[in-house]
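Residue numbers (our numbering), protein chains in the order written: chain A, 1 to 114; chain B, 115 to 224.
Glycine residues also receive a C-beta, built at the ideal position from the N, C-alpha and C atoms.
Encoded as structure tokens, the structure appears first; notes follow it.
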Amino acid sequence: GAGVSQSPRYKVAKRGQDVALRCDPISGHVSLFWYQQALGQGPEFLTYFQNEAQLDKSGLPSDRFFAERPEGSVSTLKIQRTQQEDSAVYLCASSLIGLNEKLFFGSGTQLSVL
Amino acid sequence: RKEVEQDPGPFNVPEGATVAFNCTYSNSASQSFFWYRQDCRKEPKLLMSVYSSGNEDGRFTAQLNRASQYISLLIRDSKLSDSATYLCVVNPGGSYIPTFGRGTSLIVHP
Numbered sequence: 001g002a003g004v005s006q007s008p009r010y011k012v013a014k015r016g017q018d019v020a021l022r023c024d025p026i027s028g029h030v031s032l033f034w035y036q037q038a039l040g041q042g043p044e045f046l047t048y049f050q051n052e053a054q055l056d057k058s059g060l061p062s063d064r065f066f067a068e069r070p071e072g073s074v075s076t077l078k079i080q081r082t083q084q085e086d087s088a089v090y091l092c093a094s095s096l097i098g099l100n101e102k103l104f105f106g107s108g109t110q111l112s113v114l
Numbered sequence: 115r116k117e118v119e120q121d122p123g124p125f126n127v128p129e130g131a132t133v134a135f136n137c138t139y140s141n142s143a144s145q146s147f148f149w150y151r152q153d154c155r156k157e158p159k160l161l162m163s164v165y166s167s168g169n170e171d172g173r174f175t176a177q178l179n180r181a182s183q184y185i186s187l188l189i190r191d192s193k194l195s196d197s198a199t200y201l202c203v204v205n206p207g208g209s210y211i212p213t214f215g216r217g218t219s220l221i222v223h224p
């Protein structure tokens with residue numbers, strides 16, 4: 001496909017369950033970002049990859065959050081032992097090269113932790 | 115103080131009105147600026163970049179005021195389809211991670 005693809009579109013998890021969210025960026029895009037968006041708020045930065053290198057993970061809220069992009073394309077955001085406060089939309093975005101370019105977003109994964 | 119601040123609104127305007135939003139940023143070394151549009155339950159999509167000299171795209175005009183550290187978006191002749199949340203994005207100096215404001219909600223009514 002031509003755009004950024006995220007799966008699943010919706011995820012319901014029981015508190016304490018582990019979840020994995022997938023992002024398939026636009027082919028050839030070097031930069032990949034994960035953002036968390038709570039209802040009524042703007043997207044909050046979680047982590048940034050340039051190819052397979054995770055250059056910034058300062059936005060990850062706790063050590064329960066882990067992201068990887070092992071081959072420089074598909075990325076996975078994993079949340080261990082989910083908590084209710086993790087409920088949000090998780091957005092993935094990619095850009096062609098660097099950080100000062102426009103971002104292309106996927107449709108997001110809406111995570112609900114019960 | 116948040117790095118990027120926006121009035122959440124909502125701005126409720128009639129069709130045909132002109133409406134303007136501002137977005138302030140705290141880092142004077144910020145490099146680049148954008149406006150994104152986000153429809154309800156959809157992902158953000160780029161509306162326009164903001165250039166130092168100001169730029170216009172049809173009914174939309176974006177401006178940057180570096181001295182006062184804010185960007186603005188002006189929408190002329192509002193349409194019902196302009197109803198959405200408008201997010202400003204600033205790339206601050208240093209980390210250069212794109213930072214979003216919380217968004218301004220616009221409702222255009224008949």
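query	result
Starting from A:F102, find everything on chain B with Cβ-Cβ shorter than 8 Å and list it in chain order.	A quick correction: the sequence has Lys, not Phe, at residue 102 of chain A. Simply F148, L160 and S163.
Please identify the residue among A:L114, A:V89 and A:I79 whose C-alpha is closest to the C-alpha of A:D18.	A:I79
Cβ closer than 7 Å: which chain A residues qualify as neighbours of B:G217?	G42
Taking A:S94 and A:S31 to be in contact with their CB atoms under 8 Å, please state how far apart those CB atoms are, rounded to whole angstroms.	6 Å
How is A:L39 classed by DSSP in three states: helix, strand or coil?	coil
So what does A:S62 bridge to, in DSSP terms?	DSSP lists no partner for A:S62.
Just by C-beta distance, which residues in the segment 75–94 of chain A are closer than 7 Å to chain B?	L91
So, does the CB of A:S5 fall closer than 8 Å to a CB anywhere in chain B?	no
Starting from the Cα of A:L114, find the closest Cα among A:A38, A:E68 and A:K14 and give me that residue.	A:K14
If you draw a straight line from the alpha carbon of B:Y139 to that of B:G215, how long is it in whole angstroms?	9 Å
Closer than 7 Å by beta-carbon distance: list the chain A residues that pair up with B:F214, in chain order.	G42 and P43
Under a three-way DSSP split, which group does B:Q145 fall into?	coil
What separation, rounded to the nearest whole angstrom, lies between the Cα atoms of B:Q152 and B:L201?	7 Å
Would you check if the distance between the CB atom of B:A134 and the CB atom of B:L187 is smaller than 8 Å?	yes
Could you check if B:A176 is buried or exposed, using at least 16 other CB atoms within 10 Å of its CB as the buried criterion?	buried
Quick one: is A:A88 buried, meaning 16 or more other Cβ sit within 10 Å of its Cβ, or exposed?	buried
In terms of DSSP beta bridges, what is B:E170 paired with?	B:T175
Say whether chain B places a C-beta atom closer than 8 Å to the C-beta of A:F105.	yes
Under the rule that 16 or more other beta-carbon atoms within 10 Å means buried, what is B:C137, buried or exposed?	buried
What does A:Y48 reach in chain B if we use C-beta pairs closer than 7 Å?	I211
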